[in-house]
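According to my numbering, the stretch in the sequence shown is residues 11 to 272, in order. Don't be surprised by glycine CBs; every beta carbon is placed ideally from N, CA and C. Just so we're clear, the structure is a prediction, and the values are computed from it rather than from any experiment.
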Amino acid sequence: MTTEALRQQMLLRALWGDGQPGALAGWLRGAPPRITRGLQAYRAHAGALAERALGVAFPTVAQLVGEESFAALARVVWQAQPPQQGDIAQWGAALPAFIAAAPQLADEPYLADVARLDWAVHQAEQAADSGDSILDLQQLADGDPAALRLHLSEAVALIASPHPVVSIWQAHRSDAPDRFAPVREALARGHGERALVHREGFVVRVTAVPEAPARFVQALLAGEPLGRALDEAGPGFAFDGWLVQALQQGWLRSIEQREAVP
């Protein structure tokens, strides 16, 4: 670990309040008083910082559990899973698993998957732009599907859930008076949904997709070659139609030819 990386880690641990007493003293020796005062202020407001950061990344979860409960949850997560880097906007990936393991949240079994969807949307908002890359589509006609890999945009994600996560997510972004009726109906039927997350320009979209294209996209995201992804999707999957949509909406980032895997 470099000296600067160690310095950042020590500062972060001081901010979390779980560093060893005096461990930071050497790094702050001779520093202006404003540095020490600033560190004290950050410590005092760490809980509020955690709440704001998670509120930005998980707005649907915040609405579902309520302001007071979400604030308490954010502070507990801050202590249990503190940031590992200085960019607070990148903190929060551990929240879905934390929610899934929390006994006090067991009455809302869909909440962890809603959190996963919120995080996927948050990541898509920050993902690098794929740009106007030129795709050699001839490879799809001439290449061996066992050796071709289709790399999707960094803004594309797939969340498969036994719960109606897309309906829940969309209902919390609607002003319709009956916006929660489809959610109640889907929950009563035990209806699950597969959420495709992608970005159109600067706007992130969340749509429910059928099982076959969801399996196909999940296989591509896992790094499987095209042939295996098609096998995962099954015989009823229309690859041509998917490809047209992928090209129109910018899902596809690149096509790579590799040695076929037996």
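CA nearest to the CA of residue i, picked from the options
i: GLY200; options: VAL219, VAL175, TRP261, VAL216; result: VAL175
i: GLN89; options: GLN259, ALA104, GLY233; result: ALA104
i: PRO69; options: ALA112, HIS132, PRO93; result: HIS132
i: VAL71; options: ALA99, ASP128, ASP250, VAL87; result: ASP128
i: VAL166; options: GLY65, LEU64, GLN259; result: GLN259
i: GLN267; options: GLY246, GLY237, ALA248; result: GLY237
Coil, strand or helix - residue i by DSSP
i: HIS132; result: helix
i: ALA205; result: strand
i: VAL166; result: coil
i: GLU266; result: strand
i: LEU197; result: helix
i: SER79; result: helix
i: ALA218; result: strand
i: ARG159; result: strand
i: SER177; result: helix
i: GLU210; result: strand
Cα-Cα separation, residue i to residue j
i: ARG190; j: TRP179; result: The amino acid at residue 190 is misidentified as Arg; the sequence shows Phe. Approximately 10 angstroms between the Cα atoms of the pair.
i: LEU273; j: ALA82; result: Because the chain in this structure spans residues 11 to 272, residue 273 falls outside the shown range and cannot be described.
i: SER264; j: VAL207; result: 18 angstroms
i: LEU230; j: ARG85; result: 36 angstroms
i: ALA256; j: GLU78; result: 41 angstroms
i: GLU234; j: ASP139; result: 23 angstroms
i: LEU59; j: ASP117; result: 28 angstroms
i: LEU115; j: PHE80; result: 12 angstroms
i: TRP252; j: PHE226; result: 10 angstroms
i: ALA218; j: ASP154; result: 31 angstroms
i: GLY32; j: PRO93; result: Unreliable placement is indicated for GLY32, whose pLDDT of 49 sits below 50; the coordinate value is still reported in the next sentence. The alpha-carbon atoms of GLY32 and PRO93 are separated by roughly 21 angstroms.
i: SER163; j: ASP241; result: 22 angstroms
i: LEU150; j: GLY246; result: 19 angstroms
Environment of residue i [buried if 16+ CB atoms lie within 10 Å]
i: VAL254; result: exposed
i: ILE109; result: buried
i: GLY102; result: buried
i: GLY244; result: exposed
i: GLU61; result: buried
Inset, instruction - Could you tell me whether the segment 204-219 touches the segment 117-134, using the rule of 3 or more Cβ pairs below 8 angstroms? - result: Contact between the segment 204-219 and the segment 117-134 is present, because at least three Cβ pairs lie under 8 angstroms.
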